Every structure is written in C-alpha cells, then in structure tokens.
Amino acid sequence: MEIEGIRVFVKRVPLTDIELAPEHVRSTANLFELPLFYQYGVGSAGFGAWRELAAHILATGWVLKNEYAGFPLLYHWRVLPDSAPADFVDEFGGVDGAVAHWEESPAVRRRLEAIGGSSFSLVLFLEHVPQTLAAWLSNARDAAWRGPGGESSYEWVEDALLRGTEFMSARGLVHFDSHFANLLTDGRQVYFADFGLALSRGFDLSAQESAFLADHLVYDRCYAPGHLLRHHLPDGVRGGTEHGAFLRAWIEGHRPDGVPSDIGAIIDRHAPHAIVLDDFHQRLLTQTKRTPFPAAEIKRALARTSTAGW
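Residue numbers (our numbering): 3 to 312.
This is how it looks when you write it as structure tokens:
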C-alpha cells in the first residue's frame, strides 16, 4: 500500500485470545508452552505475534542507531479486528494433520486452534523493499551482475549473509527461517525480514529456552549459506546429483569440470557445515522432531573451514 506516496509493506499476524488477555499483552513468554522443536521452520506457525513485534522493534532500533542496516524499518503497528486466516494449515490437510506432523503435541494443537479462532490481528507497517533475495539473485545471475568491488552476485550475497547472521548471533537473536523468500534486497543491501520464528535473549525465556537459544546461536550462520547451496546454485553445477551426495563428493575432491571459481570457493567454505545441518533437518523430518541439535558438530565444521584459510 501507499501512504502519502510512500510504499509500505503491511503484514497481518493473527492475535489469539490468549495473547490479548490483559496480563499477556506484549508478552514474549512461551504462552502456549510450545515444545522447543516448534522453533524450526518445517511447518511451524510461530510462538506468537508479540514475539514477532518485539523482534521487529529490536531490529529497527539497530538500524536507527546505525549498528546494522540490514533490516526493514518498522514504521507503526496496530491491533485491529480481523477474520482468522483460512489456509494456514492447508499444507497438512488441516489442524489434525499439522498436529500429527508435530508428533501429536497438545500445545501445538492449542496454538493452531487458537489461531483458527482468532478475531484480531497485529498489523505491522514496514519499510517496503522491492525484491526477495531469491528473485534478485536469479535476475543478477542471468545478467552477469558485478558489485562495486567487482565481486560476483554470489560473492555479494555470501558476504551479506555472513555479516547479517553474525550480527544477529552476536546480539543473541536467531532468525530460524532465513531462506531467500524471507530475505529482501534493493540491490544495495540484503534485509532480514519476517521474524515469525525469531528467538531473542531479550524475550521472556525459561531456563530451558535460554539454553536452547545458546546452542542455536550458530543456526542462522549455517542455515542461510546452506540454503544458498541447496536452492540457488547455477543450473548444471550439481549435474543431476542429489544435493547431499554432491556436497560429500565435493569435500572428498570429486569436483565437476566447469564450476566457476567464485561458486567453487563458496562451496568450499560452506559444504562442511551445510552437510551437518542438512542431515539434522532430514532426521527432524523423517525420524523425530526431538532430534538433538548438533551444535558441537556444526561448530567443529565451522572451525575446520576457518582453519582452512577463509
């Protein structure tokens, strides 16, 4: 929408009756007592609207204090009457399917039924950024884009991912969903948007949640470049090989001919930790949502890559 000629992105986030109770207004506690594995971006509806608002306020403060520019500004927010979202569990065939996906968690059922019965939304008025990073990278790749320092589009994106994720981690914030439809760009800056799954040390956390957050401070640092490798490598780089097999073969020295040097260097830097996180996500989806997060293994993979000279 436009306000006085300025484009603004408007997002509606369902506000449940529990969140609107006077004692819970703007609470960042885990009001539904959701299991911590619900933090992962594999079909989660998030922990609540107030956490998303708090994360945007935090990020906007960093931008306004010139600490880091890579977040869209939050201009305003309101609580307004609204109808409940109609399709938020369609991918699972309804609430029962979603609850089954989350191992029959009663807390997840309460959360989803509360969303389905909501009659208000938190409305966020945010800075408009023209493109998703996914769309921009596809266009830039086709146009052989070069950055101000002569870097390729992939090198520019990699640098932005590392700077953004390391900034958030250093300040105790984990995004948990930094795929390239949730990252935006104007071609000059990459913006981390959509804080629906964000977790911050500034939230009202239990001791268990604080420990979970501490373990996951490396999550975004691995997830975002891992997403680049899995979903956005140029066509033909993998040659039809399954992603995990390709990365393992690459690490073992089996590298296809014709891979551009900038792409090869990025794979070198991120394949070791990407394999660890991919394996974790696979177990999360096919074995149990209670799969322990391999924080120590990821840190070792990152350390090995750093020792190798980047």
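Note that beta-carbon positions come from the ideal geometry of N, C-alpha and C, so glycine has one too. Here the structure is a predicted model, which is why all the values come from computation and not from measurement.
Give me the DSSP bridge partner(s) of residue i.
i: residue 15; result: 124
i: residue 9; result: 4
i: residue 194; result: 185
i: residue 79; result: 126
i: residue 133; result: 187
i: residue 176; result: 201
i: residue 321; result: Absent from the model: residue 321. The displayed extent of the chain is 3 to 312, so no value can be given.
Between the C-alpha atoms of residue i and residue j, what's the straight-line distance to the nearest angstrom?
i: residue 33; j: residue 265; result: 44 Å
i: residue 257; j: residue 239; result: 10 Å
i: residue 6; j: residue 27; result: 31 Å
i: residue 157; j: residue 227; result: 11 Å
i: residue 36; j: residue 260; result: 48 Å
i: residue 142; j: residue 301; result: 32 Å
i: residue 89; j: residue 124; result: 18 Å
i: residue 54; j: residue 80; result: 13 Å
i: residue 205; j: residue 87; result: 26 Å
i: residue 285; j: residue 43; result: 14 Å
i: residue 177; j: residue 155; result: 23 Å
i: residue 199; j: residue 16; result: 14 Å
i: residue 60; j: residue 197; result: 11 Å
i: residue 38; j: residue 152; result: 43 Å
i: residue 290; j: residue 148; result: 43 Å
i: residue 167; j: residue 118; result: 33 Å
i: residue 192; j: residue 41; result: 23 Å
i: residue 146; j: residue 236; result: 12 Å
i: residue 299; j: residue 262; result: 29 Å
i: residue 1; j: residue 221; result: Nothing about residue 1 can be reported from this structure: the residues present for the chain run from 3 to 312 only.
i: residue 51; j: residue 76; result: 14 Å
i: residue 140; j: residue 233; result: 11 Å
i: residue 83; j: residue 126; result: 14 Å
i: residue 307; j: residue 169; result: 19 Å
i: residue 49; j: residue 255; result: 43 Å
i: residue 66; j: residue 209; result: 31 Å
i: residue 18; j: residue 114; result: 10 Å
i: residue 211; j: residue 244; result: 35 Å
Return the chain-ordered list of same chain residues with a C-beta closer than 8 Å to the C-beta of residue i, the five sequence neighbours on each side being excluded.
i: residue 4; result: 10
i: residue 20; result: 26, 33, 34 and 116
i: residue 195; result: 73, 74, 128, 131, 184, 185 and 186
i: residue 22; result: 81 and 122
CB-CB under 7 Å to residue i, same chain, minus the five flanking residues each way: which ones, in chain order?
i: residue 246; result: 277 and 280
i: residue 269; result: 231 and 252
i: residue 295; result: 217, 218 and 282
i: residue 287; result: 44
i: residue 272; result: 227, 228 and 231
i: residue 214; result: 38
i: residue 14; result: 84, 123 and 125
i: residue 201; result: 41, 176, 178 and 215
By Cβ distance below 6 Å, which residues in the same chain neighbour residue i in space, the five residues on each side in sequence not counted?
i: residue 229; result: 181
i: residue 303; result: 274, 275 and 278
i: residue 103; result: 45 and 94
i: residue 109; result: 34, 35 and 36
i: residue 56; result: 30
i: residue 179; result: 43 and 199
Can you confirm whether residue i, when its beta carbon is compared against all beta carbons of chain B, has any partner nearer than 8 Å?
i: residue 266; result: Absence of chain B from the displayed structure is noted, only one protein chain being present.
- When the Cβ atoms of the region 130–138 are set against those of the region 177–184, are three or more pairs found closer than 8 Å? yes
- Query: Okay, do the region 162–171 and the region 123–131 touch, 3+ Cβ pairs below 8 Å being the bar?
  - Reply: no
- Query: Just checking, does the region 68–78 make contact with the region 166–173 on the three C-beta pairs under 8 Å criterion?
  - Reply: Yes, since at least three Cβ pairs between the region 68–78 and the region 166–173 fall closer than 8 Å, the two stretches touch.
- Which full runs of the alpha helix (DSSP H) of 4+ residues lie inside the region 212–261, going along the chain? 221–233 and 245–253
- Residue ranges of each beta strand (DSSP E) run of no fewer than 3 residues wholly in the region 84–118, ordered along the chain? none
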